[in-house]
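Read top to bottom, the protein sequences are chains A and B. Per this note's numbering, residue 15 is the first one in the first sequence, and the count goes up by one each step. Per this note's numbering, residue 9 is the first one in the second sequence, and the count goes up by one each step.
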Amino acid sequence: MDDTRSPDRELVDAVLGGRPGAFERLVREYQGLCWHIIQRMVRHPEDARELCQETFLRVHQCLHQYRYESALKSWIGRVAYTIALRHLQHKRIPLLESDGDDEPSLVENIGDGFDLEAACANEETLRHLHTAIETLPPLQRTLLSLYYLEETSIPEIARITGLAGGTIKSHLFRSRLRLRGALESRTGVAA
Amino acid sequence: MIHDINDDIHPFDDPAREREWLAQENAMRRQRLQLDPCSDDARTQRYRLLAHVLRQPSSECLPADFARRVAAQIGATRQPSLNTPFELGLIISLYIALLVALVVVLVPDSGQWWRSLVALPLPAMSSLRLLFALAGCIAVTWLLGQWQTSARKR
Numbered sequence: 015m016d017d018t019r020s021p022d023r024e025l026v027d028a029v030l031g032g033r034p035g036a037f038e039r040l041v042r043e044y045q046g047l048c049w050h051i052i053q054r055m056v057r058h059p060e061d062a063r064e065l066c067q068e069t070f071l072r073v074h075q076c077l078h079q080y081r082y083e084s085a086l087k088s089w090i091g092r093v094a095y096t097i098a099l100r101h102l103q104h105k106r107i108p109l110l111e112s113d114g115d116d117e118p119s120l121v122e123n124i125g126d127g128f129d130l131e132a133a134c135a136n137e138e139t140l141r142h143l144h145t146a147i148e149t150l151p152p153l154q155r156t157l158l159s160l161y162y163l164e165e166t167s168i169p170e171i172a173r174i175t176g177l178a179g180g181t182i183k184s185h186l187f188r189s190r191l192r193l194r195g196a197l198e199s200r201t202g203v204a205a
Numbered sequence: 009m010i011h012d013i014n015d016d017i018h019p020f021d022d023p024a025r026e027r028e029w030l031a032q033e034n035a036m037r038r039q040r041l042q043l044d045p046c047s048d049d050a051r052t053q054r055y056r057l058l059a060h061v062l063r064q065p066s067s068e069c070l071p072a073d074f075a076r077r078v079a080a081q082i083g084a085t086r087q088p089s090l091n092t093p094f095e096l097g098l099i100i101s102l103y104i105a106l107l108v109a110l111v112v113v114l115v116p117d118s119g120q121w122w123r124s125l126v127a128l129p130l131p132a133m134s135s136l137r138l139l140f141a142l143a144g145c146i147a148v149t150w151l152l153g154q155w156q157t158s159a160r161k162r
């Protein structure tokens, strides 16, 4: 942990000390993370850009309160998540589906006949999968993005979102199962 | 592997769900490591396709100069007043007015104010004690501030 904290400390000290270019470096380092969180939550590019800007203004304003209890990445991610969450609440957009997220049935023994390379090259299949991801609730989209795109571990996602590790695991499990179902509805299942 | 530190997350109570979870995790790792999919079963291959799609960044992104613009905005809000010529001029004129007022008050007196100040009786012992207490408070506050700053740096 200390290995990651040391560069964090260096960067935070530089920003708090007003060193020229330090804050720009901080923004450049974490803008991808904030974009992935906010964009996946709000799905409106223009709103997402404004919220990203608001996130970094808040980070600059509150950085002196950062106590190195978690990695800087988690702390900044938490600021971005909170701002996106407030935006959704303001727009009355639910974070999760209100009618209960029914878990698709488990089909463990599915037959062969699926060609990964062909599927990766099939534009129709990829588009179908992208559409299925877009239909997921904001929270599940964001969790998948953090887990796959940012390669963030579940304990770190827990620090960003404030959710319990078990809850995150359950959301990841259900959304992947649901997406697998969407994929099978297109490619068919040879049981 | 980054996700190896997920090991402390409890397994599902239902063994079938836990098996499915492990299949999802395994497919994600295999896709990340770009391992040959020939030996993967159909379920793993589907989850690998999912991992392939989820690892693709969105086509929408922040402008290339986003960091520079945000940093410039912060810089502009941090020192707004002294940069405007009007406010700078106002501050300089206030200093000049203060200097003129000092000269007007002190010069005609020709040292009378200093003699009056020296002639003042010494403060009583109780007043001195209050002054010492005030100095002590200031020193303790300053020391606490120094200690907090150094603790944060550590």
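Glycine is no exception: its CB is placed at the ideal position from the N, C-alpha and C atoms.
Extent of the continuous alpha helix (DSSP H) to which residue i belongs
| i | result |
| --- | --- |
| L106 of chain B | P93 to L114 |
| P169 of chain A | I168 to T175 |
| Q79 of chain A | Taken as a continuous stretch (DSSP letters only), Q79 of chain A belongs to no alpha helix (DSSP H), as it is neither H nor E. |
| G91 of chain A | L86 to H104 |
| G46 of chain A | A36 to V56 |
| P27 of chain B | The question names Pro, but residue 27 of chain B in the sequence shown is Arg. Per DSSP, R27 of chain B belongs to the alpha helix (DSSP H) from P23 to R40. |
| Q120 of chain B | Q120 to V126 |
| Y55 of chain B | A50 to L62 |
| L160 of chain A | Taken as a continuous stretch (DSSP letters only), L160 of chain A belongs to no alpha helix (DSSP H), as it is neither H nor E. |
| L143 of chain A | E137 to E148 |
Neighbouring residues, chain B, relative to residue i (Cβ below 9 Å)
| i | result |
| --- | --- |
| I90 of chain A | Those within 9 Å of I90 of chain A in chain B number zero; the least Cβ separation is about 13 Å. |
| L212 of chain A | Residue 212 of chain A cannot be examined here, being either before or after the span of chain A that is shown, 15 to 205. |
Interface partners of residue i on chain A, CB under 7 Å
| i | result |
| --- | --- |
| S66 of chain B | Q53 |
| A59 of chain B | Y162 |
| R38 of chain B | Near R38 of chain B there are no residues of chain A at all, since even the closest Cβ is about 10 Å away, more than 7 Å. |
| I100 of chain B | Neighbours of I100 of chain B on chain A: none; closest Cβ ~25 Å, over 7 Å. |
Contact list for residue i against chain A, beta-carbon separation under 8 Å
| i | result |
| --- | --- |
| W29 of chain B | K183 and F187 |
| I146 of chain B | Neighbours of I146 of chain B on chain A: none; closest Cβ ~23 Å, over 8 Å. |
Chain B residues whose Cβ lies nearer than 7 Å to that of residue i
| i | result |
| --- | --- |
| C76 of chain A | Ordered by position in chain B, no residue passes the 7 Å Cβ test against C76 of chain A, which lies about 13 Å from the chain. |
| I168 of chain A | N14 and I17 |
| L157 of chain A | Result: empty, since nearest Cβ-Cβ is about 11 Å, beyond 7 Å. |
| Q45 of chain A | L70, F74 and A75 |
| Q67 of chain A | V78 |
| H144 of chain A | V61 |
| R63 of chain A | L70 |
Per-residue burial, residue i [other beta carbons within 10 Å of its own, 16 or more giving buried]
| i | result |
| --- | --- |
| V112 of chain B | exposed |
| T149 of chain B | exposed |
| A141 of chain B | exposed |
| C76 of chain A | exposed |
| F94 of chain B | exposed |
| V126 of chain B | exposed |
| W122 of chain B | exposed |
| V108 of chain B | exposed |
| D48 of chain B | buried |
| S167 of chain A | buried |
| M133 of chain B | exposed |
| T69 of chain A | buried |
| Y95 of chain A | buried |
| R33 of chain A | exposed |
| L157 of chain B | One point to set straight first is that residue 157 of chain B is Thr, not Leu, in the sequence displayed. Flag for T157 of chain B reads exposed. |
| S89 of chain B | Note that S89 of chain B scores a pLDDT of 49, beneath 50, so its modelled location is shaky and nothing firm can be said. |
| L79 of chain A | Inspection of the sequence shows that residue 79 of chain A is occupied by Gln rather than by Leu. Exposed: under 16 other Cβ atoms inside 10 Å. |
| W155 of chain B | exposed |
| V115 of chain B | exposed |
| I174 of chain A | buried |
| R51 of chain B | buried |
| T145 of chain A | exposed |
| S88 of chain A | buried |
| H185 of chain A | buried |
Where residue i meets chain B, residues with beta-carbon distance less than 8 Å
| i | result |
| --- | --- |
| P59 of chain A | E68 |
| V41 of chain A | F74, A75, V78 and A79 |
| E38 of chain A | A75, R76, V78 and A79 |
| L153 of chain A | Here the premise fails: no neighbours, minimum Cβ distance about 15 Å. |
| G180 of chain A | I17 and H18 |
| L197 of chain A | R54, L57 and L58 |
| L140 of chain A | V61 |
Where residue i meets chain A, residues with beta-carbon distance less than 9 Å
| i | result |
| --- | --- |
| P45 of chain B | D129, L130 and E131 |
| Q32 of chain B | L186, F187, R190, L191 and R194 |
Residue i: contacting residues in chain D (beta-carbon distance under 7 Å)
| i | result |
| --- | --- |
| L106 of chain B | Absence of chain D from the displayed structure is noted, the protein chains being A and B. |
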